[in-house]
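Protein chains in written order, with this note's numbering: chain A, 316 to 692; chain B, 853 to 1013.
For every residue, glycine included, the Cβ atom is placed at its ideal position computed from N, Cα and C.
Below: the structure, in structure tokens.
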């Protein structure tokens, strides 16, 4: 026995060396086609190099050939989990450029829809987060509740994900007569289900061991990499645009900006869990007070923006989403640039995962809440 | 010794958190009638979609096989991805004038993104969104559809182009 042991130690087979592993493009925990070149020493991550562009669809270039109302339906397909916010960003940008004031009814409905989309997005993130860490149960529980929000979207907007509900100057349709009742039913239902989420995953000893103190991203790094949204707020970076640059009906509602200073994976998890409570309270404040009025302003059939540059940013479920339109006075834009939150958040991954085990990389990536079409667009 | 006790306590605390989670799953395990899953292919007969659901673009026809499309082409301009093509033809009216009417309203379902812009733009309300969502076909060419039914005519009260 001792002879064999000696041979094993002396042979080259036990020698450690750095090596490269491709994680993705077809890896279930990358949530899409994302490839990461991971440099490993044993199980320890030394360096991560994300390779993006596998589903690059050229949306920015496509926007140059189509008119402003048509651009909106393409933004559904970027960050498909925050489709309402993306739509709203383009609509607001065009409205600001034309100096159109939309009715209060539109503002209220937009805000409610934004928060519902944020809830749906966070629910899906929660189920996938559990699944990445090996808890399949969470996936079914989260999707069960998300289904109710998607039904609300389907009834009012006509689609579940690619809603295309906002237009420059208002909304595609008025809300469905059942909308308010359904939303209120959902709020009462979901308030009873949120404690279940905590019981299932938040307190779980395996989950806490795998997230506490993992993936530290300091405040200065978060600012340097432009990590926004819940991921940035978990590093103490106060960046909630709903507070700092309020749009639509956000100035009218009371809510807290959730900030955590622990900077680790658990902090990012808890920020999102608390944000779900805030979203519920925002919807509750607005749902009974939707003012009467038109659901859209009458716009010209061909919308032409004045010459110049226009920028509008909104807070999506993953962070700051910006739309930059350069117009030369024609009916289609000269150049459109989208600032997507996922792109900036992804590149902070190297900073966060360095020195951890490869299994922790999955947990860290999961809390960044990546949506790949949002990164590649 | 103290760290050993802490270790033992942490084991039991950990087990307790697992039991809390299992309480939730157990509750649903023993009350399976509370969990409702749609049995999709079986419930096809009774399945009702929401009235605004966007499954496909259809042209509305009345009982006399009349539609209200005058072939103005506004839907074609408004479509972001060119899934609508309008082919018009000229006919001679009863009083000897030439008139352009719609021949074929061609709709490429395979290119459509169901954005509802054509329906919203249509000035005569000829188009609508249908609720059918089962679009699978054996051949790609079957996805190109002619929306105006064969032998259909324009309804009388529709504005001329």
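1) Would you check if the stretch 572-588 of chain A and the stretch 437-452 of chain A touch, i.e. whether three or more CB-CB distances between them fall below 8 Å?
2) If you follow the beta strand (DSSP E) that residue 361 of chain A is part of, which residue opens it and which one closes it?
3) Taking only beta-carbon positions, decide if residue 342 of chain A is within less than 7 Å of chain B.
4) Determine the chain B residues that contact residue 452 of chain A at a beta-carbon separation under 9 Å, and present them in chain order.
5) Would residue 933 of chain B and residue 963 of chain B qualify as a contact pair, given that the criterion is a beta-carbon distance under 7 Å?
6) Quick check on DSSP: helix, strand or coil for residue 342 of chain A?
7) How about residue 943 of chain B and residue 959 of chain B: do their beta carbons lie closer than 7 Å?
8) Since residue 934 of chain B meets chain A, which of its residues come closer than 7 Å, beta carbon to beta carbon?
9) Does the structure place the stretch 588-601 of chain A close enough to the stretch 506-521 of chain A that three or more beta carbon pairs sit under 8 Å?
10) Taking the alpha carbon of residue 590 of chain A as the reference point, which residue from A/445, A/431 and A/373 has its own alpha carbon closest?
11) Compare the C-beta of residue 647 of chain A with all C-beta atoms of chain B and state if any pair is closer than 7 Å.
12) Mind reading off the beta-carbon distance from residue 564 of chain A to residue 552 of chain A? Whole number of angstroms is fine, and I expect it under 8 Å.
13) Hey, how far is the Cα of residue 607 of chain A from the Cα of residue 683 of chain A?
14) Tell me, please, whether the stretch 379-399 of chain A touches the stretch 363-370 of chain A by the rule of three or more beta-carbon pairs shorter than 8 Å.
15) Taking the alpha-carbon of residue 488 of chain A as reference, which of B/1005, B/951, B/969 and B/877 has the nearest alpha-carbon?
16) Looking at residue 360 of chain A and residue 674 of chain A, is the spacing between their C-beta atoms short of 7 Å?
17) Is residue 985 of chain B near residue 906 of chain B, with beta carbons less than 7 Å apart?
18) Relative to chain A, which residues along the stretch 898-918 of chain B have a C-beta separation below 7 Å, given in chain order?
19) Quick check on residue 385 of chain A - is its C-beta less than 7 Å from some C-beta in chain B?
20) Rounded to a whole number of angstroms, what is the C-alpha to C-alpha distance between residue 333 of chain A and residue 670 of chain A?
21) Counting only beta-carbon atoms, is residue 965 of chain B nearer than 7 Å to chain A?
22) Below 6 Å CB to CB, which residues in the same chain sit around residue 369 of chain A once its five sequence neighbours on both sides are set aside?
23) Using 10 angstroms around the beta-carbon of residue 451 of chain A, count the other beta-carbons present and answer buried if the total reaches 16, otherwise exposed.
24) Would you tell me roughly how many angstroms separate the C-alpha atoms of residue 492 of chain A and residue 462 of chain A, rounded to the nearest one?
25) Please check if any C-beta of chain B sits within less than 7 Å of the C-beta of residue 405 of chain A.
26) Helix, strand or coil: how does DSSP classify residue 944 of chain B here?
27) When you compare the CB of residue 432 of chain A with every CB in chain B, is at least one pair closer than 7 Å?
28) Note down, in chain order, all residues in the stretch 504-530 of chain A with a beta-carbon under 7 Å from any beta-carbon belonging to chain B.
29) Could you run through the stretch 356-389 of chain A and flag, in chain order, every residue whose CB is less than 7 Å away from some CB of chain B?
30) How would you call residue 864 of chain B, buried or exposed, if buried means at least 16 neighbouring beta carbons within 10 angstroms?
31) Could you give the C-beta distance for residue 940 of chain B and residue 955 of chain B, rounded to a whole number, given that I count them as a contact under 8 Å?
32) The alpha helix (DSSP H) spanning residue 409 of chain A covers which residue range?
33) Tell me, please, which residues DSSP counts as bridged to residue 911 of chain B.
34) Within 7 Å of any Cβ in chain B, is that where the Cβ of residue 401 of chain A sits?
35) Would you kindly work out how many angstroms separate the C-alpha atoms of residue 356 of chain A and residue 523 of chain A, rounded to a whole number?
36) For residue 870 of chain B, go through chain A and note every residue whose CB falls closer than 9 Å to its CB, in chain order.
Here's the rundown:
1) yes
2) Per DSSP, the unbroken beta strand (DSSP E) holding residue 361 of chain A starts and ends at 359-366.
3) No, because no Cβ of chain B sits closer than 7 Å to the Cβ of residue 342 of chain A.
4) 873, 876 and 877
5) A contact, by the Cβ cut-off of 7 Å.
6) Three-state DSSP puts residue 342 of chain A in a strand.
7) no
8) Residues of chain A passing the Cβ test: none, with the nearest at roughly 10 Å.
9) yes
10) In this structure, A/431 is the residue among A/445, A/431 and A/373 with its C-alpha nearest to the C-alpha of residue 590 of chain A.
11) no
12) The Cβ separation is near 25 Å, so there is no contact.
13) 39 Å
14) no
15) The shortest Cα separation from residue 488 of chain A among B/1005, B/951, B/969 and B/877 belongs to B/969.
16) No, Cβ-Cβ distance for residue 674 of chain A and residue 360 of chain A is not below 7 Å.
17) no
18) 902, 904, 905 and 906
19) yes
20) 13 Å
21) So, interface residue.
22) Residues of the same chain with a CB within less than 6 Å of the CB of residue 369 of chain A, apart from the 5 flanking positions on each side, are 340 and 348 in chain order.
23) Residue 451 of chain A should be labelled exposed.
24) 19 Å
25) no
26) strand
27) no
28) 511, 514, 515, 518, 519 and 520
29) Listed in sequence order: 381, 384, 385 and 388.
30) exposed
31) Rounded, the Cβ-Cβ distance is 6 Å, consistent with contact.
32) 398-413
33) Per DSSP, B/979.
34) no
35) 25 Å
36) 519, 520 and 521
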